[in-house]
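**Student:** Per numbering that gives the first Met the number 0, residue 0 is the first one in the sequence shown, and the count goes up by one each step. Right, I'll just put the structure down here and ask away after.
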Amino acid sequence: MPIKSETELYAPVKTYLEQQGYEVRGEVRHCDLVAIRGKEPPVIVELKRSFSVPLLLQGIDRLRLSRTVYVAFERPNKGRAPHGASWPELRRLCGMLGIGMMTVQFYRTRKPRVEVECHPPELTLAAGVSSARKPRRSKYAADKLEQEFRERHGDYNVGGSSKQKLVTAYREKSLRLAAMLATHGPLPPRKLRELCGNSRAADMLQKNVYLWFQRVERGIYRLSPQGEEALLTFAHVVEAYRTAEGPPSEAREPLKSAVSETLKSEAAAALSDIAAELSATASGTRRPARRKAGSGRST
Numbered sequence: 000m001p002i003k004s005e006t007e008l009y010a011p012v013k014t015y016l017e018q019q020g021y022e023v024r025g026e027v028r029h030c031d032l033v034a035i036r037g038k039e040p041p042v043i044v045e046l047k048r049s050f051s052v053p054l055l056l057q058g059i060d061r062l063r064l065s066r067t068v069y070v071a072f073e074r075p076n077k078g079r080a081p082h083g084a085s086w087p088e089l090r091r092l093c094g095m096l097g098i099g100m101m102t103v104q105f106y107r108t109r110k111p112r113v114e115v116e117c118h119p120p121e122l123t124l125a126a127g128v129s130s131a132r133k134p135r136r137s138k139y140a141a142d143k144l145e146q147e148f149r150e151r152h153g154d155y156n157v158g159g160s161s162k163q164k165l166v167t168a169y170r171e172k173s174l175r176l177a178a179m180l181a182t183h184g185p186l187p188p189r190k191l192r193e194l195c196g197n198s199r200a201a202d203m204l205q206k207n208v209y210l211w212f213q214r215v216e217r218g219i220y221r222l223s224p225q226g227e228e229a230l231l232t233f234a235h236v237v238e239a240y241r242t243a244e245g246p247p248s249e250a251r252e253p254l255k256s257a258v259s260e261t262l263k264s265e266a267a268a269a270l271s272d273i274a275a276e277l278s279a280t281a282s283g284t285r286r287p288a289r290r291k292a293g294s295g296r297s298t
């Protein structure tokens, strides 16, 4: 059952890694899939419909970002290794290159099955390859990859996608600014920084990368027509933010105020009763206890 696009590999591989305790994101800094578990280094998976030299080259290139890199492709229906090779030969090849290999078997009626054919060697390449050929790890690029992963609040991209507008961490933050302007109207950067918790709000408004913002006057910005269109295009991202945060603080203020006033009045009534009891005790008389509303017997 040959797949039509490598994006079909994303869901089963993502599910497999999530079952191992990983948090997964698609299309992170040109990597098809990135998974992180706790404080462990990121796992990178490159997806292709079939085993090929370009897939191996992609995997080798990703070793600059992480030492845990897999290549994943669809397992042929008959179970035979591609290109007339054997599975042990492919495992040995991947091991010599320092990368792991996954296959995904698709069925007509059952869920896809992910098989890890081999794991990548840790930090060093397998014997038989000169250590001089070991790809140099770029700390800067690796840090940027992990930063991008952790700054995203959801997984809105399908790994292996092409010619699609990706929801990056920067786009997420821009959408949040746009949503606040749509809700509150024109605002200064300082207020947006407070509402969004984004220290870069002023810089993002000034650069206006997506043309979503318009400067009304000095220090005041509003939403542009392109920004309004973006809120419709990425409505699922904005809704996810609102769901995660709950009602806005303005909506919670009346409730907080009402609860506070109720507690104050109850405390005042309790103190009044205590004072009356003490006064009655001191004078040798006893004041009848006040009956709570609704506590009288029905007749």
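A virtual CB, placed ideally from N, CA and C, is assigned to each residue, including glycine.
Is it buried or exposed, A140, if we count other Cβ atoms within 10 angstroms and call 16 or more buried?
**Tutor:** Locating residue 140 in the sequence shown gives position 141, where the first residue counts as 1. So A140 counts as exposed.
**Student:** Taking 8 Å as the limit between beta carbons, can you name the residues of its chain near H82, skipping five residues before and five after?
**Tutor:** Position 83 of the sequence shown, counting from 1, holds the residue named residue 82. Result list for H82: F50, in chain order.
**Student:** Residues in its own chain within less than 7 Å of P187 by CB, not counting five upstream and five downstream?
**Tutor:** Here the question's residue 187 lines up with position 188 in the sequence shown. G218 and I219, listed in sequence order.
**Student:** R107: which of I2, N156 and G97 sits nearest, CA to CA?
**Tutor:** Counted from its first residue, the sequence shown places residue 107 at position 108. For the set I2, N156 and G97, the Cα lying nearest the Cα of R107 is the one of I2.
**Student:** Using CA atoms only, rank isn't needed, just tell me which of G226, Y169, L204 and S85 is closest to E216.
**Tutor:** Walking along the sequence shown from the start, residue 216 turns up at place 217. It is L204 whose Cα lies nearest to the Cα of E216.
**Student:** Would a C-beta distance cut-off of 7 Å place K47 and F72 closer than the cut-off?
**Tutor:** What you label residue 47 is simply residue 48 of the sequence shown in a count that begins at 1. What you label residue 72 is simply residue 73 of the sequence shown in a count that begins at 1. Contact flag set, yes.
**Student:** Since V113 and M101 are thought to touch, with beta carbons under 8 Å apart, how far apart are those beta carbons, to the nearest angstrom?
**Tutor:** On the sequence shown, position 114 is the one that residue 113 refers to. On the sequence shown, position 102 is the one that residue 101 refers to. Right, their Cβ atoms sit about 6 Å apart.
**Student:** Would you give the residue range spanned by the alpha helix (DSSP H) that T232 belongs to?
**Tutor:** In the sequence shown, the residue the question calls residue 232 occupies position 233. Residues P224 to T232.
**Student:** Pick out the complete beta strand (DSSP E) segments inside the region 144-212, 3 residues or longer, and give them in chain order.
**Tutor:** Entirely contained in the region 144-212, not one beta strand (DSSP E) run reaches 3 residues.
**Student:** Report the rounded CA-to-CA distance for N207 versus G97, giving the unit in angstroms.
**Tutor:** Walking along the sequence shown from the start, residue 207 turns up at place 208. Walking along the sequence shown from the start, residue 97 turns up at place 98. Cα to Cα, N207 sits roughly 42 Å from G97.
**Student:** Check each candidate in E45, S65 and C30 and name the one with the smallest Cα separation from K138.
**Tutor:** As a first step, residue 138 is located in the sequence shown; it is residue number 139 there, counting from the start. Measuring from the Cα of K138, the nearest candidate turns out to be S65.
**Student:** In whole angstroms, what is the alpha-carbon distance linking E276 and V237?
**Tutor:** Start at 1 with the first residue of the sequence shown, and residue 276 comes out as number 277. Start at 1 with the first residue of the sequence shown, and residue 237 comes out as number 238. Approximately 57 Å, taken between the alpha carbons.
**Student:** Look at the alpha carbon of E7 and the alpha carbon of A243, and state the distance between them as a whole number of angstroms.
**Tutor:** As a working note, residue 7 is residue 8 in the sequence shown. As a working note, residue 243 is residue 244 in the sequence shown. Going by the C-alpha atoms only, they are around 28 Å apart.
**Student:** Consult DSSP for A71 and reduce its assignment to one of helix, strand or coil.
**Tutor:** Here residue 71 refers to the residue found at position 72 when the sequence shown is read from its first residue. Strand at A71.
**Student:** Starting from T102, follow the beta strand (DSSP E) in both directions and report where the run begins and ends.
**Tutor:** Start at 1 with the first residue of the sequence shown, and residue 102 comes out as number 103. Per DSSP, T102 belongs to the beta strand (DSSP E) from G99 to Q104.
**Student:** For A126, collect the residues of the same chain with a Cβ closer than 6 Å to its Cβ; drop the 5 residues on either side in sequence, then sort them by chain order.
**Tutor:** Residue numbering aside, residue 126 sits at position 127 when the sequence shown is read from its first letter. Residue confidence is low: A126 scores 36 on pLDDT, short of 50, so the model does not pin down where it sits. Its coordinate-derived value is still stated next. Here the set comprises nothing.
**Student:** Distance, Cα to Cα, K172 vs Q18?
**Tutor:** Here the question's residue 172 lines up with position 173 in the sequence shown. Here the question's residue 18 lines up with position 19 in the sequence shown. Taking the straight line joining both Cα atoms gives about 29 Å.
**Student:** When DSSP builds the beta bridges, which residues end up paired with Y220?
**Tutor:** Taking the sequence shown and counting its residues from 1, one reaches residue 220 at position 221. The partner list for Y220 (beta bridge, DSSP) reads L186 and R214.
**Student:** Where Q225 and S85 are concerned, what is the direct C-alpha to C-alpha distance, given to the nearest angstrom?
**Tutor:** In the sequence shown, counting from the first residue as 1, residue 225 sits at position 226. In the sequence shown, counting from the first residue as 1, residue 85 sits at position 86. Distance between the alpha carbons of Q225 and S85 is about 54 Å.
**Student:** Is it true that the region 30-49 meets the region 145-154, where meeting means three or more beta-carbon pairs spaced less than 8 Å apart?
**Tutor:** Verdict: yes, contact present.
**Student:** What is the residue span of the alpha helix (DSSP H) that I59 lies within?
**Tutor:** Indexing the sequence shown from 1 puts residue 59 at position 60. From DSSP, the alpha helix (DSSP H) with I59 extends over V52 to R61.
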